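In terms of this note's numbering, the sequence shown is residues 161 to 478. Just so you know, even glycine gets a beta-carbon here, dropped at the ideal spot from N, CA and C. Everything numeric in this text was worked out from a predicted model, so none of it was measured.
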Amino acid sequence: MTIISNNMSKAVKILNNEDIVAIPTETIYGLAGNIYSDKAIRKIFEVKQRPLFNPLIVHLHSVEQLDEIVSEFPPKAKLLADAFWPGSLTLVLKKKSTIPDVITAGKETVAVRIPNHPVALALLKELSFPLAAPSANPFNRISPTKALHVESYFKNAIQMVLEGGECKNGLESTIIGFANNEPILYRLGAISIEEIENVVGKINVKNKKEKTPNAPGMLAKHYAPKTKTYLVNNIDKFITDYEDSTIGLLSFSEVITASNIKHIEILSKSGDLKEAASNLYSSLHLLDSLHLDMIVAQRFPDIGLGKSINDRLERATK
Ligand code: TXA
Ligand code: MG
């Protein structure tokens with residue numbers, strides 16, 4: 161049985177024993193293990209049913225630990241780290257040869273971040289090794305923002321979910337890589353492009369739905385509910401077109417009523433994109449549990465975190 165508990169010393173014991181624990185971060189819950197334990201890392205891939213070509217993010221508690229992990233730290237990476245760590249930014253940097261290939265899927269680079277969650281930071285400080293942690297969801301499913309989401313996904317496959325409350329940001333970290341020391345956006349996320357560009361100027365964006373994306377995990381279909389999901393510009397038209405279907409509606413801020421709308425989730429009554437982002441996945445989890453014919457989401461404004469939300473919804477609707 162998977163237990164949900166805030167017993168930190170139990171989590172430490174399990175991790176020291178080369179097993180894995182689901183941990184809270186400010187973005188989403190992660191499935192964590194010792195980066196140097198082949199046993200723990202293989203279990204992460206197995207439990208998630210994640211393909212081995214998809215590398216993991218290494219989680220640290222301080223910038224000082226970076227020396228152990230990376231061999232280069234470009235000036236603009238340092239600027240971004242100073243601005244956003246601890247926080248929802250992952251940097252992809254040249255790795256030290258001591259980092260196991262299974263973490264990086266054989267790449268010369270490694271993804272690192274310092275999470276901004278008191279429980280995650282306290283845990284990392286108790287350990288003598290960094291933690292690799294992908295999102296604590298089975299491959300291609302909606303990311304978890306509550307301990308209960310993780311428990312219902314993995315049931316008996318993991319011993320423990322370390323309780324840390326609901327994830328504040330609710331979207332995965334923004335991933336930035338480098339080419340010739342210049343930043344490139346690999347994944348839209350909890351920190352907007354605008355915030356990044358305020359620190360390092362204009363950046364290159366490579367977040368396309370490519371066959372071979374820079375971040376191997378950014379496949380076109382991802383983050384998907386079991387219920388057929390649509391992302392639409394004109395909600396009213398869609399609702400009339402599908403009048404015989406039962407619909408779960410994901411709305412930004414508007415209340416919309418119609419006889420075929422069986423449930424509505426409003427992500428932010430005040431129209432705040434940050435609040436909407438933080439509620440996105442838990443609303444999708446809820447809508448997906450209602451066994452309706454379809455989930456329909458309204459396209460978000462294409463600015464700030466609206467871009468990140470649209471990105472996830474597009475991948476959920478493939
Ligand atoms: O917010 C987050 O980033 C959460 C929390 C738990 O930290 N983690 C997360 O991990 O979203 P995951 O494994 O679900 O997504 C990591 C992404 C994948 O798309 C992977 O391909 C990419 O990071 N990635 C990891 N290492 C990489 C590398 N060396 N080069 C390019 N992309 C990399
Ligand atoms: Mg993931």
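Alpha carbon of residue i to alpha carbon of residue j, nearest angstrom
| i | j | result |
| --- | --- | --- |
| A375 | N300 | 15 angstroms |
| R472 | H382 | 8 angstroms |
| Q225 | E206 | 28 angstroms |
| Q319 | I188 | 19 angstroms |
| D242 | P343 | 15 angstroms |
| E435 | A237 | 28 angstroms |
| N297 | L391 | 22 angstroms |
| H423 | Y402 | 15 angstroms |
| L191 | E474 | 25 angstroms |
| K203 | T305 | 21 angstroms |
| K170 | N420 | 48 angstroms |
| D227 | K315 | 37 angstroms |
| L216 | K208 | 12 angstroms |
| A457 | P211 | 29 angstroms |
| N131 | N276 | A query on residue 131 cannot be resolved here, the shown segment of the chain reaching from 161 to 478 and no further. |
| M161 | L452 | 30 angstroms |
| N194 | G349 | 25 angstroms |
| N167 | K285 | 15 angstroms |
| L427 | L444 | 10 angstroms |
| E357 | I363 | 7 angstroms |
| D462 | L433 | 11 angstroms |
| N470 | D179 | 36 angstroms |
| L465 | G266 | 32 angstroms |
Supposed close pair residue i, residue j - CB separation, criterion 8 angstroms
| i | j | result |
| --- | --- | --- |
| V359 | L239 | 6 angstroms |
| V218 | V270 | 6 angstroms |
| V506 | I164 | The requested residue 506 is not part of the displayed model; the chain covers only 161 to 478. |
| P533 | N340 | Because residue 533 is not part of the residues shown, which for the chain are 161 to 478, the question remains open. |
| Y441 | G330 | 6 angstroms |
| L447 | T387 | 7 angstroms |
| A437 | S468 | 7 angstroms |
| V172 | V230 | Rounded, the Cβ-Cβ distance is 25 angstroms, inconsistent with contact. |
| N393 | R459 | 5 angstroms |
| A476 | A380 | Not a contact, Cβ separation roughly 11 angstroms. |
| T400 | I455 | 17 angstroms between Cβ atoms; not a contact. |
| G431 | S413 | 4 angstroms |
Contact test: residue i Cβ vs ligand 2 heavy atom, cutoff 8 angstroms
| i | result |
| --- | --- |
| E186 | no |
| P294 | yes |
| N374 | no |
| E206 | no |
| G377 | yes |
| S303 | yes |
| N297 | yes |
| E332 | yes |
For residue i, the first and last residue of its enclosing beta strand (DSSP E)
| i | result |
| --- | --- |
| A457 | 454–458 |
| T250 | 249–254 |
| Y158 | Nothing can be reported for residue 158, as the shown portion of the chain is limited to 161 through 478. |
| G408 | 407–411 |
| V270 | 269–273 |
| I163 | 163–165 |
| E232 | From DSSP, E232 is part of no beta strand (DSSP E); its letter is neither H nor E. |
| K478 | Segment: none, K478 is in no beta strand (DSSP E) and carries neither H nor E. |
| L345 | 342–347 |
| E425 | 421–426 |
| T151 | Outside the displayed range of the chain (161 to 478) lies residue 151, so it cannot be described from this structure. |
| L322 | 320–322 |
| V218 | 217–219 |
Start and end residues, alpha helix (DSSP H) containing residue i
| i | result |
| --- | --- |
| T264 | 261–264 |
| N194 | Looking at the DSSP string, N194 is not in any alpha helix (DSSP H); the run it does join, the beta strand (DSSP E), is 190–194. |
| S312 | 307–314 |
| H445 | 433–448 |
| A243 | 235–244 |
| A171 | 168–176 |
Any C-beta of chain D under 9 angstroms from that of residue i
| i | result |
| --- | --- |
| N329 | Among the chains in the structure shown there is no chain D, since it carries only a single protein chain. |
Heavy atom of ligand 1 within 8 angstroms of residue i beta-carbon
| i | result |
| --- | --- |
| K422 | no |
| N214 | yes |
| R273 | yes |
| Y346 | yes |
| Y313 | no |
| G349 | yes |
| Y196 | no |
| I356 | no |
| G324 | no |
| K267 | yes |
| T406 | no |
| V310 | no |
| Y441 | no |
| G193 | no |
| T258 | no |
Kindly confirm or deny that the segment 301–314 and the segment 346–358 touch, where touching means at least three C-beta pairs closer than 8 angstroms. no
Query raised in the report: Would you call the segment 403–416 and the segment 320–330 touching, i.e. three or more CB-CB distances under 8 angstroms?
Result: no
- Query: Between the segment 240–250 and the segment 328–348, do three or more beta carbon pairs fall short of 8 angstroms?
  - Reply: yes
Could you check whether the segment 289–299 touches the segment 176–192, counting it as contact only if at least three pairs of C-beta atoms, one from each stretch, sit closer than 8 angstroms? yes
*With a cut-off of 8 angstroms, do at least 3 Cβ pairs link the segment 255–269 to the segment 198–207?*
yes
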